[in-house]
Amino acid sequence: MKPMTEFTIPFVGLKVATHHFDYKIEQAFFEHFEYKDFNNVKVDVKVALTKKPTLLELHFKVSGLVNINCDVTNEPYNQKINNEFDLVVKFGDEYNDENIDILILPHGSYELNIQQYLYELIILAVPIKRIHPGVKDGTLDSDILKKLEELSPRLNEDKETHEENDPRWDKLKKLLTDK
Numbered sequence: 001m002k003p004m005t006e007f008t009i010p011f012v013g014l015k016v017a018t019h020h021f022d023y024k025i026e027q028a029f030f031e032h033f034e035y036k037d038f039n040n041v042k043v044d045v046k047v048a049l050t051k052k053p054t055l056l057e058l059h060f061k062v063s064g065l066v067n068i069n070c071d072v073t074n075e076p077y078n079q080k081i082n083n084e085f086d087l088v089v090k091f092g093d094e095y096n097d098e099n100i101d102i103l104i105l106p107h108g109s110y111e112l113n114i115q116q117y118l119y120e121l122i123i124l125a126v127p128i129k130r131i132h133p134g135v136k137d138g139t140l141d142s143d144i145l146k147k148l149e150e151l152s153p154r155l156n157e158d159k160e161t162h163e164e165n166d167p168r169w170d171k172l173k174k175l176l177t178d179k
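Going by full-length UniProt numbering, the first residue of the sequence shown is number 1, and it counts up by one from there.
Pasting the structure below:
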């Protein structure tokens, strides 16, 4: 996958200090990754890069809305997301991203592309079970909800209909008491 240049930070010319970068993520970003679970995306990303003499520290903060489909009714709704992540970038002999919190870049590297970190941070901010707020509070009027209600087992049925005595069970119950 070709890296998106707007998410590449050239850190070699930066002073030893904290630098701030702001990004606006929209649906086209996820189309680049061929991720189709989101209907629409409006997410703000703030990145604080602290450059030190021997390493870089990055603090990512994402917040915004993603429009996704409900797992119960398949109705689209806006899900608020908030997430943060810290990354330490060190320099070594070869590229290594095996540790989730530490990235090792080869000596002589002059830029860092953060698009993969942003992608994962936004994806992981969305809840695993996606339920429309109208389902939780009962305000959503949906054909699927009505059908689910119709097909759900009834818990408050008359218990008398289930407690009719069956002579076969009576004989088995008698075996339990005969010892």
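Even for Gly, the Cβ is constructed at its ideal location relative to N, Cα and C.
Can you give me the C-alpha to C-alpha distance between S142 and N69, rounded to a whole angstrom? For the purposes of this step, residue 142 is taken as the residue at position 142 of the sequence shown. For the purposes of this step, residue 69 is taken as the residue at position 69 of the sequence shown. Each residue's CA atom was taken as its position, placing S142 and N69 some 13 Å apart.
Which whole-angstrom value is the C-beta distance of W115 and P3, which I expect to be below 8 Å? Counting from 1 along the sequence shown, the entry for residue 115 is found at position 115. Counting from 1 along the sequence shown, the entry for residue 3 is found at position 3. Contrary to the premise, residue 115 reads as Gln rather than Trp in this sequence. Here Q115 really is in contact with P3; their C-beta atoms are around 6 Å apart, less than 8 Å.
Cβ pair K51, L14 closer than 7 Å: Here residue 51 refers to the residue found at position 51 when the sequence shown is read from its first residue. Here residue 14 refers to the residue found at position 14 when the sequence shown is read from its first residue. The beta carbons of K51 and L14 sit closer together than 7 Å.
Excluding sequence positions up to five away, which residues of its chain have a Cβ less than 8 Å from the Cβ of F7? Within the sequence shown, residue 7 is the residue found at index 7, counting from 1. Cβ neighbours of F7 beyond the five flanking positions: Y23, N113, I114, Q115 and L118.
CA nearest to the CA of L55, picked from N40, F30 and V12: Mapped onto the sequence shown, residue 55 falls at position 55. Taking only the C-alpha atoms, the option nearest L55 is V12.
Around the Cβ of T5, are there at least 16 other Cβ atoms within 10 angstroms (buried) or fewer (exposed)? Indexing the sequence shown from 1 puts residue 5 at position 5. Counting other Cβ atoms within 10 Å of its Cβ, T5 stays below 16 and is therefore classed as exposed.
Let's test the definition: count the other Cβ atoms within 10 Å of the Cβ of H107 and tell me whether it reaches 16, buried, or not, exposed. Within the sequence shown, the letter at position 107 stands for residue 107. So H107 ends up on the exposed side.
Neighbourhood of Q27 by C-beta, 6 Å cutoff - its chain only, sequence neighbours within 5 removed: Position 27 of the sequence shown, counted from the first residue, corresponds to residue 27. Excluding residues within five positions, the ones whose Cβ falls inside 6 Å are N40 and V41.
What residue from E84, E111, F85 and N83 has the CA that sits closest to Y95's CA? Here residue 95 refers to the residue found at position 95 when the sequence shown is read from its first residue. When only C-alpha atoms are compared, the closest one is E111.
Tell me the residue span of the beta strand (DSSP E) that contains L56. Translated into the one-based positions of the sequence shown, residue 56 becomes position 56. Element bounds for L56: L56 to N69.
Contacting residues, own chain, Cβ-Cβ under 8 Å from K129 (five flanking each side not counted): Your numbering for residue 129 matches position 129 in the sequence shown. Beyond the five residues adjoining it in sequence on each side, K129 comes within less than 8 Å, by CB distance, of D71 in the same chain, given in chain order.
Beta-carbon separation of N67 and N83 under 7 Å? Residue 67 sits at position 67 when you count from the first residue of the sequence shown. Residue 83 sits at position 83 when you count from the first residue of the sequence shown. Cβ distance not < 7 Å, so N67 and N83 don't count as in contact.
Taking the runs of the alpha helix (DSSP H) that are 4 residues or longer, which of them lie wholly in the region 90-134? For the region 90-134, whole alpha helix (DSSP H) runs of length 4 or above, ordered along the chain, are 115-125.
Give me the Cα-Cα distance between E98 and F60, rounded to the nearest whole angstrom. Start at 1 with the first residue of the sequence shown, and residue 98 comes out as number 98. Start at 1 with the first residue of the sequence shown, and residue 60 comes out as number 60. Between the alpha carbons of E98 and F60 lies a gap of roughly 19 Å.
By how many angstroms is the C-alpha of E150 removed from the C-alpha of W169? As a working note, residue 169 is residue 169 in the sequence shown. As a working note, residue 150 is residue 150 in the sequence shown. Annotation: W169 to E150 spans about 32 Å, alpha carbon to alpha carbon.
Whether I25 touches V47 by CB criterion (7 Å): Stepping through the sequence shown from its first residue, residue 25 is reached at position 25. Stepping through the sequence shown from its first residue, residue 47 is reached at position 47. Between I25 and V47, the C-beta gap is not smaller than 7 Å, which leaves the two residues out of contact.
First and last residue of the alpha helix (DSSP H) that includes L172? By one-based count along the sequence shown, residue 172 stands at place 172. L172: member of the alpha helix (DSSP H) spanning P167 to T177, first to last residue.
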